Amino acid sequence: MNSLLILAQTDPQLWASRVTGTWSLTMLLPILLGAAAYLIIQEGVTRGLRWVLLGVLCLIGSIGLAVTFIPTSLDAWILFLFCSLATGGGVAFLTAREPVYAALGFATSVLSTCGVLFMQSALFIAAATMIVYAGATIIIFLFVLMFAQQSELRAYDVRLTNPYLAAAIGLIVMSSIAYCVTADGAFPNTKRDTTRSLSEAMSMSSSPDGLTLPAEVLTSNTPQATSGLGRSLYTDYLIAVELAGTVLLVATIGAIALATKPTAEAN
Amino acid sequence: MHDSTTQNLLVFAGLLFSVGLVGFLTRRSLILMFLSLEMMLAGVSVNLIAFSKHYGNYQGQVLAIMVLSIAACEAAIALALVVSLYRRKATLDVKEWGDLSETIVPKEVETVGSMETEAPSFPTLTPAGLDPLADPVPSEFKAELGAVPVIIDKKVEASSNV
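Protein chains in written order, with my numbering: chain F, 1 to 267; chain L, 1001 to 1162.
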């Protein structure tokens, strides 16, 4: 309840000086509430609108609780908006019984994720994700869904496989991820140079622990431009790029071989 | 204290991964299972890019591009597989393809409350010409109009009339 008490404070100084990023059991609250929202909505889709509204309220409450754990800069608010949109799209994807609506929920989720990536200065990946996932994958799968869909809902779309057990598993996974990420010393706080070998990095560093680089080196290294990514991709990772191209070619051939109708003599 | 943006993003990545996991466990349509797999991959990409920003280099972004291209391959192959599976059984239900599962596990009976449409049962009549006691009604016999072709043997009728 610590976070709730802090939320109630109106003092902006106190608001800004909140300690974020240390694990506390109150972090379980929004996770639990989110899981409950998922279960209520997925029951409500077949029962009635009232249950769905209740579940959406639960989800909004969960998001509101999660707000108390983030710092309050404008950046963080926009990031949080994208994250909650993505989560809402994900819940819609999980609970919608019409496959087309589920695919649209997935598209919402992926587009919001692209916004998150955009804010992490990964412009090229945001654009590529938009094209590959939201463009190609969703459209093609919508085609297949409509090709396979009948006028009425199928039983396998209405009946989920044991949603309560799945929600429990997801709850455990999510809680353990949140714990591991927010525990003290979960990942190094300082920025380290991982582009060089260890000995080289240690030789050019003057910091006591040997790996932490001076700030001016890091600011010159900070990825900001897509051109730097391209240069890195086509110099340091050239073989990986070629291999990825080969895998794409093989996958194309395999997909064509699998999807064509078998000829009469093959049967 | 940690860099809180990185931390928030890691939690968000875990959230996307968990949503994808729950979707993969609950959904039964092959395509929607595949889409939840893609959502798990999106969570992994967010994770990689958060660390790329945190460490200030391009390694995470390069790895995310690799994940993206492999996901595209996977989408192509999975779509081809789904189409060829659909051609065989005309259903997207994943449980239809559980032929390798244990035979002692009883098959789950589909009971969908609102969707259930029972086939109406009609009273069966013994077809003409069969003794109802001595000769049980053949199982494939359906008491519907026109289910049993009635052959009118005109010669027999004519002879019996005479």
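We put the beta carbon where it would ideally sit given N, CA and C, even for glycine. Note that the structure is predicted; figures quoted are calculated from it, not measured.
Option in the options with minimal Cα separation from residue i
i	options	result
F:A66	F:T87, F:Y133, F:A259	F:T87
F:S84	F:L123, F:A103, F:V110, F:Y234	F:V110
F:G254	L:A1078, L:L1041, L:F1051, L:I1049	L:A1078
L:S1069	L:H1054, L:A1050, L:A1042	L:A1042
L:V1094	L:L1032, L:L1037, L:R1028, L:A1128	L:R1028
F:L117	L:L1032, L:G1098, L:V1046	L:V1046
F:P271	L:E1096, L:R1087, L:T1103	Given that chain F is displayed from residue 1 to residue 267, the structure contains no residue 271 of chain F and the question cannot be resolved.
F:T46	F:G230, F:A240, F:R159, F:S176	F:R159
F:L32	F:G48, F:E43, F:F147, F:A167	F:A167
F:S232	L:Y1058, L:L1010, L:K1089, L:I1104	L:Y1058
L:S1004	F:E43, F:I239, F:T68, F:V132	F:T68
F:L28	F:S112, F:S62, F:R154	F:S62
L:L1035	F:T260, F:Y133, F:Y237	F:Y133
L:V1083	F:L229, F:A148, F:V250, F:T246	F:A148
F:E43	F:T246, F:A183, F:P163, F:V144	F:P163
L:K1053	L:L1010, L:E1038, L:L1032	L:L1010
F:L165	F:L39, F:D236, F:F187, F:G64	F:L39
F:L153	F:R50, F:I131, F:E98, F:T129	F:E98
F:I356	F:I139, F:S112, F:V52	Absent from the model: residue 356 of chain F. The displayed extent of chain F is 1 to 267, so no value can be given.
Proximity below 7 Å, CB of residue i to CB of residue j
i	j	result
F:L258	L:A1072	no
L:L1085	L:L1063	no
F:I41	F:T95	yes
F:A35	F:C58	no
L:M1040	F:A244	no
L:L1030	L:L1100	no
L:R1022	F:G55	The sequence shown places Val at residue 1022 of chain L, not Arg. No, Cβ-Cβ distance for L:V1022 and F:G55 is not below 7 Å.
F:G135	F:T108	no
F:A103	F:L142	yes
F:G105	F:A92	yes
L:A1250	L:T1006	Since the first and last residues shown for chain L are 1001 and 1162, residue 1250 of chain L lies out of range.
F:F82	F:G115	yes
F:F161	L:T1103	Checking the sequence, you will find Thr at residue 161 of chain F rather than Phe. Not closer than 7 Å, so no.
F:M174	L:G1014	yes
F:L74	F:T226	no
L:Q1061	F:L248	no
F:V100	F:L49	no
Heavy atom of the ligand SAM within 6 Å of residue i beta-carbon
i	result
F:Y38	Ligands are entirely absent from the displayed structure, and the ligand SAM is therefore not among its contents.
Range covered by the alpha helix (DSSP H) that runs through residue i
i	result
F:V56	49-67
F:L25	Per DSSP, F:L25 belongs to no alpha helix (DSSP H) and is neither H nor E.
L:V1067	1059-1089
F:N162	No alpha helix (DSSP H) holds F:N162; DSSP gives it neither H nor E.
F:D75	74-95
F:M119	99-119
F:M146	138-148
F:F124	123-129
F:R231	226-235
F:T252	238-259
Sheet register partners of residue i (DSSP bridge)
i	result
L:S1224	For residue 1224 of chain L there is no data in the structure shown, the boundaries of chain L being 1001 and 1162.
- Message: Along the region 1084-1099 of chain L, where does the CB come closer than 9 Å to a CB of chain F? Name the residues.
- Response: S1084, Y1086, R1087, A1090, T1091, L1092, D1093, V1094, K1095, E1096
- Message: Under 8 Å, CB to CB, which of the residues in the region 79-95 of chain F have a partner in chain L?
- Response: L79, F80, C83, A86, T87, G90, V91, F93, L94
- Task: Closer than 8 Å, Cβ to Cβ, to anything on chain F: give me those residues from the region 1022-1041 of chain L, in chain order.
- Result: V1022, G1023, L1025, T1026, R1027, R1028, S1029, I1031, L1032, F1034, L1035, S1036, E1038, M1039
- Going along the chain, which residues of the region 1003-1014 of chain L sit with their C-beta nearer than 9 Å to a C-beta in chain F? D1003, S1004, T1005, T1006, Q1007, N1008, L1009, L1010, V1011, F1012, A1013, G1014
- Along the region 124-135 of chain F, what residues have a CB closer than 7 Å to any CB found in chain L? I125, A128, T129, V132, Y133
- Check distances from the C-beta atoms of the region 167-191 of chain F to those of chain L and list, in chain order, the residues that come in under 7 Å. A167, I169, G170, V173, M174, I177, A178, V181, T182, N189, K191
- Message: If the cut-off is 7 Å on Cβ atoms, which residues from the region 242-255 of chain F count as contacting chain L, listed in chain order?
- Response: A244, V247, L248, A251, T252, G254, A255
- Quick one: which residues of the region 148-162 of chain F get their C-beta closer than 8 Å to a C-beta of chain A? List them in chain order. Absent from the structure is chain A; the protein chains it does hold are F and L.
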